[in-house]
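Residue numbers (the numbering used here): 1 to 139.
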């Protein structure tokens, strides 16, 4: 028989996605969007895993083809649009496996407003609680 040919070209637009229901918040609210992502490597794509919101969309997505098999936390910072709704998309392009965990949309409230009836989100103590951080933090 004829040998099977394998392609090394990207399979662009191979796309498996999960979209969250929209979250309602006051328009103009600054939010931190975060997710823990783990993948050992995604092949045949230039994008890999995508994590993005519906305010800025896919052009400003977090993109990674590997986290080295480790959990890594990613953050996006956005303002809630005039509609007061914000949703997320978690996607896999190409070929591989990706895991998502502890996906959050958290309003960021200035310290000056914390005394005016604001109660910060309650999180259980322990190593998995999310602390404010920029960029990527190993889990």
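Just so you know, even glycine gets a beta-carbon here, dropped at the ideal spot from N, CA and C.
query, result
"Just verifying my parser: in three-state terms, what is the DSSP assignment at residue 25?", "coil"
"Around the Cβ of residue 2, are there at least 16 other Cβ atoms within 10 angstroms (buried) or fewer (exposed)?", "exposed"
"Throw me the rounded Cβ distance for the residue 20 and residue 88 pair, which I believe falls under 8 Å.", "4 Å"
"Mind listing, in chain order, the continuous beta strand (DSSP E) runs of no fewer than 3 residues lying wholly within the region 14–67?", "15–19, 30–38, 49–53, 62–64"
"What does DSSP give as the partner residues of residue 91 in its beta bridges?", "17, 50"
"Over what stretch of residues does the beta strand (DSSP E) that includes residue 141 continue unbroken?", "Past the boundaries of the shown model lies residue 141; the chain is included only from 1 to 139, so the question cannot be answered."
"Check this for me: beta carbons of residue 64 and residue 48, under 7 Å apart or not?", "yes"
"Answer yes or no: do residue 14 and residue 69 have a C-beta to C-beta separation smaller than 7 Å?", "no"
"If you draw a straight line from the alpha carbon of residue 27 to that of residue 104, how long is it in whole angstroms?", "18 Å"
"Can you tell me whether DSSP reads residue 143 as helix, strand or coil?", "No information on residue 143 is available, as it lies outside the stretch 1 to 139 that the chain covers here."
"Let me know if residue 97 comes out buried or exposed under the rule of 16 or more other beta-carbons within 10 Å of its beta-carbon.", "exposed"
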